[in-house]
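Residue numbers (UniProt numbering): 1 to 79.
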């Protein structure tokens, strides 16, 4: 969804990218450069200054597209 060319303003070569997403506004992102605590938790922690980050409207557009086209599961029904 994010291109690996000059149109991509998110530069992260790690397998993890932490984002603070609000629909329609530039998304704040952090790319870990060192150690990451609680990586499997819902709120991982990246100690400062072990990350670089920024804000991206391109990332917001990609996440908007993803969430707008996602299907909701009805978990109340049993298989």
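Ideal Cβ positions, reconstructed from N, Cα and C, are used throughout, including at glycine.
Residue from the options whose Cα sits closest to the Cα of residue i
{"i": "residue 62", "options": "13, 19 and 15", "result": "19"}
{"i": "residue 80", "options": "21, 46 and 38", "result": "Given a span of 1 to 79 for the chain in the structure shown, any question on residue 80 remains unanswerable."}
{"i": "residue 26", "options": "53, 42, 43 and 44", "result": "53"}
{"i": "residue 50", "options": "42, 58 and 14", "result": "14"}
{"i": "residue 8", "options": "69, 59, 65 and 64", "result": "59"}
{"i": "residue 10", "options": "69, 57 and 37", "result": "57"}
{"i": "residue 24", "options": "65, 69 and 77", "result": "65"}
Sequence-distant residues of its chain with Cβ nearer than 8 Å to residue i (five each side left out)
{"i": "residue 81", "result": "Outside the modelled stretch of the chain, which goes from 1 to 79, sits residue 81, for which no answer is possible."}
{"i": "residue 28", "result": "19, 20, 53, 54 and 55"}
{"i": "residue 47", "result": "34, 35 and 37"}
Which residues DSSP lists as bridging residue i, in chain order
{"i": "residue 29", "result": "19 and 54"}
Same chain only: Cβ atoms within 7 Å of residue i, ignoring 5 sequence neighbours per side
{"i": "residue 78", "result": "none"}
Item to complete: Check whether the region 68-76 touches the region 24-40, counting contact only when three or more Cβ pairs, one atom from each stretch, lie closer than 8 Å.
Response: When C-beta atoms of the region 68-76 are compared with those of the region 24-40, fewer than three pairs fall below 8 Å, so the two segments do not count as touching.
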